[in-house]
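To start, the structure under review is shown below, and the notes come after it.
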Amino acid sequence: MGRIVIDNITDMNLEHVFDCGQCFRWNKNEENGYTGVAGGNACHVYLDEDAGLLTLNASGGDENFWRAYFDLDTDYGAIKEELASREPKIRAAEEAGYGIRILNQDFYEVLISFIISQNNNIPRIKKCIEAICERYGDRIDFEGKEYYSFPKAEVIAKVPVDEIAELKLGYRSSYIVRAARKYLEEGVPSDAEKVLDYYGVGPKVANCIKLFGLRRLDAFPIDTWVKKIMNDMYGFEENDIKGMQSFAEERFGENGGIAQQYLFNYYRNVK
DNA sequence: AGCCAGGCCCAAC
DNA sequence: GTTGGGCATGGC
Numbered sequence: 073m074g075r076i077v078i079d080n081i082t083d084m085n086l087e088h089v090f091d092c093g094q095c096f097r098w099n100k101n102e103e104n105g106y107t108g109v110a111g112g113n114a115c116h117v118y119l120d121e122d123a124g125l126l127t128l129n130a131s132g133g134d135e136n137f138w139r140a141y142f143d144l145d146t147d148y149g150a151i152k153e154e155l156a157s158r159e160p161k162i163r164a165a166e167e168a169g170y171g172i173r174i175l176n177q178d179f180y181e182v183l184i185s186f187i188i189s190q191n192n193n194i195p196r197i198k199k200c201i202e203a204i205c206e207r208y209g210d211r212i213d214f215e216g217k218e219y220y221s222f223p224k225a226e227v228i229a230k231v232p233v234d235e236i237a238e239l240k241l242g243y244r245s246s247y248i249v250r251a252a253r254k255y256l257e258e259g260v261p262s263d264a265e266k267v268l269d270y271y272g273v274g275p276k277v278a279n280c281i282k283l284f285g286l287r288r289l290d291a292f293p294i295d296t297w298v299k300k301i302m303n304d305m306y307g308f309e310e311n312d313i314k315g316m317q318s319f320a321e322e323r324f325g326e327n328g329g330i331a332q333q334y335l336f337n338y339y340r341n342v343k
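For the first sequence, this note's numbering assigns the number 73 to the initial residue and increments by one for each residue that follows.
Shown next, in the form of structure tokens:
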């Protein structure tokens, strides 16, 4: 598909985009960029922040696809100002995580990925997802190397649970197959609250799916890290999930999910 | 070695 | 409606 160069890029930093826990299939490459797979396309991406140039070298996907995927038409500078005006203490987290953008990912890929994420750590989540892709995804040959798409729901839905369990997914194996089947029947939910109807999806994973898979930017996922943050920064007891949710609603509002990404990045990668 | 990880299900209160 | 044990696996 060749190279795509997009100019006028501001408020973007690849490390922060890919290392804030929203996606699992992008890794640093040897040319100071990142390589990953999205929408069935393998892609190398590079950013010259000073020049404001984003360069993509992908096996597929046109500029419109990648522009949407990387959320290039959202003004994050304005969002950061709005959040900080309502809750000044977030400024430090915004600065530490400058250039985070909420990717527009495929709902079903997000659904399966965050089912895998539960009670799991990020390095192992990435390994589990790559294992599923290599085993059940479509091979993508690109520049002499092999990549794999995220497997279609049609494929996963037919896999016996004990077979997919060979990939060391633990008790999540059955959740995954059941989720693929449900998604095949129902498609992308029209009501975001319905993600909770998936077996194996609880409040935290549901909020991740809403935020990353349905672009519900107000969704505020509370995991073990955010509990620590909310305790440290705002004095909440670690089991006071309701208090934290309503605080996020009131203080961060429609951009609560973006605020959460800054905070999550801040505590995992800085503090 | 032992605690913990982007938690959830289910039974028992 | 809330609370706590159990859960597969491996990173650190």
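Built from N, CA and C at the ideal position, the CB exists for glycine as well. Please read all numbers here as calculations on a predicted model, not as lab measurements.
Query	Result
Tell me F214's beta-bridge partners as DSSP assigns them.	K217
Alpha carbon to alpha carbon, how far is I151 from A164?	15 angstroms
Terminal residues of the continuous alpha helix (DSSP H) containing T146?	That residue, T146, is in no alpha helix (DSSP H); it is neither H nor E in DSSP.
Where V109 and R97 are concerned, what is the direct C-alpha to C-alpha distance, given to the nearest angstrom?	6 angstroms
Apart from the five residues just before and just after N303, which ones in its own chain have a Cβ nearer than 8 angstroms to its Cβ?	E309 and E310
Within a Cβ cutoff of 7 angstroms, which residues of the same chain sit near P232, ignoring the five residues on either side of it in sequence?	none
Within 10 angstroms of its Cβ, does D91 collect 16 or more other Cβ (buried), or is it exposed?	buried
Buried or exposed for D290, going by 16 or more other Cβ atoms inside 10 Å?	buried
Distance check for I188 and S245, CA to CA, integer angstroms please.	8 angstroms
Who are C92's beta bridge partners in DSSP?	The partner list for C92 (beta bridge, DSSP) is empty, contrary to what the question assumes.
Can you find the residues in the same chain that come closer than 7 angstroms, C-beta to C-beta, to R253, ignoring five residues on each side of it along the sequence?	A229
Could you name the residues of the same chain whose beta carbon sits closer than 7 angstroms to that of D143, not counting the 5 residues immediately before and after it, in chain order?	R173, I174, L175 and N176
Report the three-state DSSP secondary structure of R75 (helix, strand or coil).	strand
Going by C-alpha to C-alpha distance, which of Y271, C95 and H88 sits closest to Y334?	H88
For G272, which residues from the same chain have a beta carbon less than 6 angstroms from its beta carbon, with the 5 sequence-adjacent residues on both sides left out?	I187 and Y247
Helix, strand or coil, according to DSSP, for N113 in the structure here?	strand
Could you spell out the range, first to last residue, of the beta strand (DSSP E) harbouring A130?	L125 to A130
In the structure shown, what three-state DSSP assignment does L286 receive?	coil
Starting from the Cα of N327, find the closest Cα among D312, R287, M305 and R340 and give me that residue.	R287
Does the beta-carbon distance from G105 to L126 come in below 8 angstroms?	no
Using the Cα positions of N136 and G307, report the straight-line distance between them to the nearest angstrom.	43 angstroms
If we ignore side chains and look at the alpha-carbon of each, how far apart do I81 and G124 end up?	4 angstroms
With C-beta atoms as the reference, is P223 less than 8 angstroms away from C200?	no
Determine whether the beta carbon atoms of V267 and A278 lie at a separation below 8 angstroms.	yes
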